Every structure is written in structure tokens, then in C-alpha cells.
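If you use the numbering used here, the sequence shown corresponds to residues 470 to 746, in order.
A quick write-up on the structure given underneath.
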Amino acid sequence: MTAITSPTATIDPYAPGVPASSRHFLNHLNPLSKVGAVVPAMVLLVFVRDLIAPLCFVILAYALILTGTRITSRTAALLFLAVPIGVVAIGFGFALWVDASGVDTTAPFMQIGGWTLFTGALQIGFATALRLAAILALALIGGLTTTGPDLVRASIQHLHVPYRIGYTALAAYRFVPRFGYELGVIRAAHRVRGSHGGRGPFAAIARGWGYIVPLLAGAIRHAERVALAMDARAFGAHPTRTERHLVPFRTRDWVFIAAFVAASALILVFTSPWSPV
């Protein structure tokens with residue numbers, strides 16, 4: 470099932486889309502609630518050194534993503550293939566760099582000649598890899614269900630970020646897809662004119678330098694048009710502005726934050742060294 474967009478979405482790129490299904494509760498939450506819920510856990514994960522706590526956070530994040538939003542095949546490949554492979558690769562990579570003198574009291578896992586890989590080094594390496602995976606998974610809770618314009622709009626309405634800064638950032642955010650489009654046009658023009666420069670890595674670098682000047686010129690022209698349009702609409706002339714699209718902060722947002730913080734606290738309490746369990 471595809472997402473249904475609002476009637477204004479076809480003419481207003483900043484208009485929020487209507488969620489595809491009411492079953493996907495993460496799509497109905499305020500962007501700030503999703504950020505505010507996961508940020509404390511992400512900060513605490515920096516100081517965690519065991520394996521169980523980050524693994525529990527990964528499971529919690531996966532459960533919320535799988536039940537709270539509709540995932541695509543690309544997202545599923547990221548969650549179930551890329552992340553596990555990355556954890557294994559990063560875990561072994563960090564384990565190889567651990568000082569053997571600090572973990573030589575643990576059991577050896579692998580021995581090649583005079584070199585030994587101890588299980589203590591593996592534990593340190595995989596604890597680091599799982600922390601990175603947990604932080605990524607927590608970031609995906611909001612990243613998969615929130616757009617940049619909605620986050621900026623919510624920050625302006627609820628965090629009282631000056632709208633001059635917020636909507637200027639929003640205009641800059643819209644530059645990114647435009648740069649991609651203009652780069653495609655420049656590449657097509659070079660191919661039509663036969664100035665692709667051959668093959669190989671050095672030819673690719675030379676082509677890249679050739680794209681910089683027209684891309685920079687297009688960016689300056691676009692920035693000038695945006696500045697003139699904002700000035701013609703008296704943008705920034707008044708201390709406040711009327712919002713066209715409201716992003717309300719409801720009771721369910723507070724419930725989500727409280728529930729996630731409580732779950733994070735339980736994970737840290739029951740997996741910490743001082744836990745009685």
C-alpha cells in the first residue's frame with residue numbers, strides 16, 4: 470500500500486503527507502517526541518561497556534520499527550543484512566586492535582603462530598560494534614518516519630526556534646535534491662557533447678572537476694532566486710508568522726516518551742553490573 474499524500478502535497482513540497490495506515494503509530498507521532506525519546510538512550514549507550522544492554526536496545530528499536538511503520542525492501546535489507554554484517558565486521562576489527570596484555574587472562578579464541586586472539590578482546594570489540602548498531606537502530610526510529618520539513622516545522626512551533634533560521638535551513642534542505650537533478654543534467658550534456666573524458670579513475674576525477682563550475686553557477690543562480698522570493702514575501706520582517714501546517718504535540722507523544730524512557734531505564738538497570746538479577 471502506498472502513502473496517500475495531502476491535496477497540497479502536489480504543489481507544496483513542504484506539505485506533510487498523510488500516513489498510509491493508522492496501524493503505523495510511529496507515523497502519527499510528533500517528530501520531536503521520537504527524537505526526545507531516543508536521545509537519552511543514545512547518550513547513555515556511549516558509556517555502556519557490556520554486550521547485553523546494547524543488544525537489548527537493538528531489539529527494542531527493531532520491535533518499534535517493525536510494528537510502528539511500514540518498511541520497504543531496502544530498509545529490511547539494511548536491518549537484517551547490513552547491520553548484522555557490519556556488527557560482525559566491526560566487532561572483529563576492534564577486537565584485533567585490543568591490547569592483548571589487558572585481556573590475556575581470558576580464554577584464547579584463536580591462535581596463529583605467536584599471535585593469540587582472546588575472548589576478552591572479542592567481547593570488547595563486539596560491545597563496541599553493538600553500541601554503534603544500537604545508536605543507528607535508535608536513530609532509525611525517527612529517521613524512517615520523519616521528514617526534514619516536519620522536523621524543522623515542529624522545532625519552530627514547539628522549541629521556538631526562530632523561523633528565520635528554521636525556514637532558511639528548510640530552503641537549504643531543498644537544495645540537496647536540486648543539486649542531484651542539476652548534476653544529472655550536466656552529466657547528460659557532457660555525454661551529448663562527447664566530452665566524457667574517457668574511462669578510468671583519472672578520467673572520472675577530471676570529469677568531476679569539470680562538473681564543479683557549472684554546478685556552482687547553478688547553485689548561485691538558485692540561491693539568488695530563493696533570496697529574491699523570500700524578500701518579495703517580506704520573510705523575516707515580522708517577529709512571528711502564521712503557520713500553514715501545524716504539527717501538534719499530543720498526549721500520545723508524552724506517553725511514547727515516558728514509555729520509551731521507562732523501557733530504557735529498565736534495560737540499563739537489569740543489565741548493569743549492580744543489578745541483583
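Where is the CB? At the ideal position from N, CA and C, for every residue including glycine.
Note that this is a predicted model, so its numbers are computed, not measured.
Under a Cβ-count criterion, where at least 16 other Cβ atoms within 10 Å of its own Cβ denotes burial, should residue i be classed as buried or exposed?
i: Y636; result: buried
i: L524; result: buried
i: V527; result: buried
i: T619; result: The sequence shown places Asp at residue 619, rather than the Thr named in the question. Looking at its Cβ environment, which holds 16 or more other Cβ atoms inside 10 Å, D619 is buried.
i: G649; result: exposed
i: L533; result: buried
i: S490; result: At S490, the pLDDT of 46 sits below 50, so the modelled position is not reliable; the number obtained from the coordinates is stated separately. Its Cβ having fewer than 16 others within 10 Å, S490 is exposed.
i: D722; result: buried
i: V552; result: buried
i: I625; result: buried
i: E712; result: exposed
i: E651; result: buried
i: L529; result: buried
i: L586; result: buried
i: I689; result: exposed
The beta strand (DSSP E) that contains residue i, what's its start and end?
i: L620; result: No beta strand (DSSP E) contains L620, which is instead part of the alpha helix (DSSP H) from 617-627.
i: P419; result: What is shown of the chain runs 470 to 746, which leaves residue 419 out entirely.
i: L520; result: Element bounds for L520: n/a, residue is neither H nor E.
i: T585; result: 584-587
Please work out which residues of its chain come closer than 6 angstroms, Cβ to Cβ, to residue i, disregarding the five sequence neighbours upstream and downstream, and give them in chain order.
i: A608; result: none
i: V507; result: L607, I610
i: T471; result: In this predicted model, T471 has a pLDDT of only 41, less than 50, meaning its place in the structure is not dependable; the value taken from the coordinates is given anyway. Nothing listed; no residue qualifies.
i: T614; result: L495, N496, T538
On the premise that residue j lies in contact with residue i, defined as a C-beta separation below 8 angstroms, what is that separation, rounded to the nearest angstrom?
i: H629; j: F718; result: With 8 angstroms as the limit, H629 and F718 do not qualify as a contact, their Cβ atoms being about 13 angstroms apart.
i: T588; j: A576; result: 5 angstroms
i: I559; j: L601; result: 7 angstroms
i: A640; j: V621; result: Wrong, their Cβ atoms sit about 10 angstroms apart, outside the cutoff.
i: A522; j: L737; result: 6 angstroms
For residue i, which residues from the same chain have a beta carbon less than 7 angstroms from its beta carbon, with the 5 sequence-adjacent residues on both sides left out?
i: I655; result: Y680, P683, L684
i: G705; result: R633
Report yes or no: is there a C-beta of chain B within less than 7 angstroms of the C-beta of residue i?
i: A608; result: Here chain B cannot be found, since the structure has a single protein chain.
Terminal residues of the continuous alpha helix (DSSP H) containing residue i?
i: V637; result: In the sequence under discussion, the amino acid at residue 637 is Thr, which differs from the Val named in the question. Counting along the chain, the alpha helix (DSSP H) containing T637 begins and ends at 632-642.
i: D573; result: That residue, D573, is in no alpha helix (DSSP H); it is neither H nor E in DSSP.
i: T740; result: 720-740
i: R539; result: Careful: R539 lies outside any alpha helix (DSSP H) and carries neither H nor E.
i: P553; result: 552-566
i: G505; result: 500-514
Among the residues of its own chain, which have a CB less than 8 angstroms from the CB of residue i, if the five just before and after it don't count?
i: G505; result: I726
Fill in: Cβ contact (3+ pairs, closer than 8 angstroms) linking the region 492-505 and the region 710-726
yes
Say whether the region 726-734 touches the region 683-702, bearing in mind that this needs 3 or more beta-carbon pairs closer than 8 angstroms, one atom from each stretch. no
**Report entry** Validate contact between the region 589-596 and the region 563-570 using beta carbons, cut 8 angstroms, 3 pairs
**Finding:** yes
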